[in-house]
Amino acid sequence: MSPANSKNADRRILVTGASGYVGGRLVRQLLTEGFTVRVFVRDAKKISGQPWFSQVELATGNANDYASTKSALEGIHTAFYLLHSINAGTNFEEVEAAMAKNFAMAAEASNVKQIVYLGGIANDEKISQHLESRANTGTQLASGKVAVMEIRAGIIIGSGSASFEMLRHLTHRLPIMTTPKWVSNRTQPIAIRDVLWYLTHAAGLEEPVSGIFDVGGPEVLSYAEMMQTFARLSGLRKRWIIKVPVLSPGLSSLWIGLVTPVPTSLARPLVGSLISEVVADPKRSIAAIIAPPKEGLLPLATAIELALSKVSAHDVETRWSDATAPAAPWQKAQGDPDWAGDTIYEDSRERVVDTQGEYLWQAVEAIGGDTGWYGADFLWWARGILDRIFGGVGLRRGRRDPDHLRVGESLDFWRVEALEPGKRLRLYAEMILPGKAWLEFEISEVKENGQVRRKVKQTATFQPRGLGGQLYWFFVLPFHSLIFPTMLKNLVKAAEGRKAK
């Protein structure tokens, strides 16, 4: 296919899950190939920082809602279903099934010609709950009259993928590992580049296609072999892997949640998938429908090297943490106005300085990740550990790029809710809290004695949930007196240091 292909431009494509790891990359790839793309998202703000945002049609709504889903599907030829609810709690199977059924009904009513669904390989008799739910999602999508092409992929390897981050951090941090038996199970990993190849070409098929198709890379190997390959490519010594039968998938998830950036809630379905053998079935080969790339599918070593080069160059397009974690049941939408709750607590501080605005903004935008939070690092670290213990995301998610942020992406245990370059950064807390919290930085100009100076305002806002939330605020107030003054002081100091360079 070619960007100049006018046939592609005449075909309108819908992408769900555009704020996620695969969806964000697929949108870019489809646009490169000349397709007209519409994205279906709950909140446009979450993708407003994407470089392709101005090039797509926008439909907002919820895939659980028939009316908004049908509206998003009007005039669509091919719809990509990239939604999942693995973090939605114990009833995620019911949530996924209902959402897929609703999508199928809306697609049929809107005269959609093709649905393309990305699932997971599920050929082993010992199928996990997660993979069983993914397979059932495909069944629900196919319950209508619209042709459904279900592409089932193995472990996806690419910069920023959850599977890659889990593999990378396990290998780096544990030279000697006591591991569960599932590390010996066979897998067939596939590079994100090749997954996107198949998905993009599915958008350009001459006729609608129905069926289940497995896609995997050119190698079948164990997870332990994947770890040894990663170690070799990273210049590490061979990992010592000691298999024991006592580590259940549940315990393994807790263990992965403690030593990798992937939280336990996400590690659980990933580990659950690994208890099965994730190997493509030759009878479900996609080759007759979509030929592989001329240069062939990427072997694991090449996929890892490519991912590592992207990480080193700070060129990670999307990350597993881009998709927003579901809010707790008591939480309203992130951007609720102040009057949405009964009480609002604030800790607001400001400084007027002579430092140029561009240096102040550079310091603000660089916060978190390897830069840290400008002081009281031990307290931030302790809060991150506490969050992980209770099943939260903790601090290990880091950031996609060391210098630049975009709306909707994760930043340690925060998410970028609003960003006005040079002026304002607003972060929403995704740590486990008895309420909702924001951290905001604003830079403005003030005149003092005829001289133009810069004011930096730092505001922490907390909207408590019930009495427990209010008690929490007063409990942490003493820590605020240590953290927030130091943060503002060191932020300004960092900005002055940039000026001196």
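Numbering of the sequence shown is given in this note's numbering, commencing with residue -3 and proceeding in unit increments. Glycine included, every Cβ here is placed at the ideal spot set by N, Cα and C. Computed from a prediction, not measured in an experiment: that's the story for all the values here.
Measure from the alpha carbon of residue i to the alpha carbon of each residue in the options, then state which is nearest.
i           : options               : result
residue 80  : 490, 130 and 33       : 130
residue 179 : 223, 190, 419 and 485 : 223
residue 111 : 201, 67, 24 and 181   : 201
residue 142 : 148, 476, 101 and 157 : 101
residue 429 : 13, 95, 215 and 469   : 469
residue 438 : 424, 420, 343 and 446 : 420
residue 399 : 7, 367 and 49         : 367
residue 232 : 397, 382 and 167      : 167
residue 277 : 290, 213 and 306      : 213
residue 42  : 99, 405 and 464       : 405
residue 95  : 484, 132 and 203      : 132
residue 65  : 97, 304 and 458       : 97
residue 163 : 303, 136, 20 and 480  : 303
residue 315 : 18, 379 and 298       : 18
residue 75  : 339, 355 and 198      : 198
residue 238 : 225, 60, 226 and 220  : 220
residue 225 : 27, 296, 356 and 396  : 296
residue 203 : 52, 390, 7 and 160    : 7
residue 490 : 357, 196 and 152      : 357
residue 205 : 413, 284 and 144      : 144
Using DSSP with H/G/I as helix, E/B as strand and the rest coil, what is residue i?
i           : result
residue 128 : helix
residue 91  : helix
residue 17  : helix
residue 190 : helix
residue 143 : strand
residue 97  : helix
residue 433 : strand
residue 290 : coil
residue 326 : Bear in mind that the predicted position of residue 326 carries a pLDDT of just 33, short of 50, making it unreliable; the figure below should be weighed with that in mind. Coil, per DSSP.
residue 360 : helix
residue 415 : strand
residue 31  : coil
residue 475 : helix
residue 498 : In the structure displayed, the chain extends from -3 to 497; residue 498 sits before or after that span and is not available.
residue 183 : strand
residue 133 : helix
residue 24  : helix
residue 318 : helix
Quick check: the Cα distance between residue i and residue j, rounded to an integer number of angstroms?
i           : j           : result
residue 301 : residue 229 : 7 Å
residue 123 : residue 271 : 8 Å
residue 326 : residue 488 : Residue confidence is low: residue 326 scores 33 on pLDDT, short of 50, so the model does not pin down where it sits. No coordinate-derived value is stated.
residue 453 : residue 346 : 4 Å
residue 392 : residue 492 : 28 Å
residue 165 : residue 363 : 22 Å
residue 118 : residue 183 : 11 Å
residue 337 : residue 461 : Reliability fails at residue 337, whose pLDDT of 45 lies under 50, so the model's placement of it is uncertain and the value that follows must be treated cautiously. Rounded to whole angstroms, residue 337 to residue 461 spans 8 Å at the Cα level.
residue 109 : residue 375 : 54 Å
residue 191 : residue 312 : 17 Å
residue 401 : residue 56  : 23 Å
residue 218 : residue 181 : 5 Å
residue 458 : residue 464 : 13 Å
residue 127 : residue 150 : 11 Å
residue 474 : residue 385 : 23 Å
residue 0   : residue 25  : Interpretation of residue 0 is limited by its pLDDT of 43, a score under 50 that renders its predicted location unreliable; no figure is taken from the coordinates.
residue 501 : residue 139 : Nothing can be reported for residue 501: it is not among the residues displayed for the chain, which extend from -3 to 497.
residue 494 : residue 189 : 37 Å
residue 446 : residue 485 : 25 Å
residue 47  : residue 377 : 32 Å
Could you tell me how far apart the beta carbons of residue i and residue j are, in whole angstroms, since I believe they sit closer than 8 Å?
i           : j           : result
residue 403 : residue 116 : Contact doesn't hold; Cβ gap of about 30 Å is too wide.
residue 15  : residue 69  : That pair is no contact at about 18 Å.
residue 78  : residue 13  : 3 Å
residue 280 : residue 186 : At roughly 14 Å, the Cβ-Cβ gap does not stay under 8 Å, so residue 280 and residue 186 are not in contact.
residue 478 : residue 372 : 6 Å
residue 22  : residue 11  : 6 Å
residue 286 : residue 194 : 6 Å
residue 158 : residue 274 : With 8 Å as the limit, residue 158 and residue 274 do not qualify as a contact, their Cβ atoms being about 14 Å apart.
residue 113 : residue 147 : 7 Å
residue 436 : residue 422 : 5 Å
Quick check on the DSSP output: the beta strand (DSSP E) that includes residue i runs from which residue to which?
i           : result
residue 451 : 447 to 460
residue 385 : Taken as a continuous stretch (DSSP letters only), residue 385 belongs to no beta strand (DSSP E), being part of the alpha helix (DSSP H) at 373 to 385.
residue 112 : 110 to 116
residue 74  : 74 to 77
residue 304 : Taken as a continuous stretch (DSSP letters only), residue 304 belongs to no beta strand (DSSP E), being part of the alpha helix (DSSP H) at 296 to 308.
residue 281 : Taken as a continuous stretch (DSSP letters only), residue 281 belongs to no beta strand (DSSP E), as it is neither H nor E.
residue 12  : 8 to 12
residue 370 : It is not in any beta strand (DSSP E) - residue 370 carries neither H nor E in the DSSP assignment.
Any beta carbon of chain D sitting closer than 8 Å to that of residue i?
i           : result
residue 477 : Absent here is chain D; the protein component of the structure consists of one chain.
Counting along the chain, where does the alpha helix (DSSP H) carrying residue i start and finish?
i           : result
residue 202 : No alpha helix (DSSP H) contains residue 202, which DSSP labels as neither H nor E.
residue 226 : 219 to 229
residue 539 : This structure does not reach residue 539, given that the chain is present from -3 up to 497, and the question cannot be answered.
residue 67  : 62 to 69
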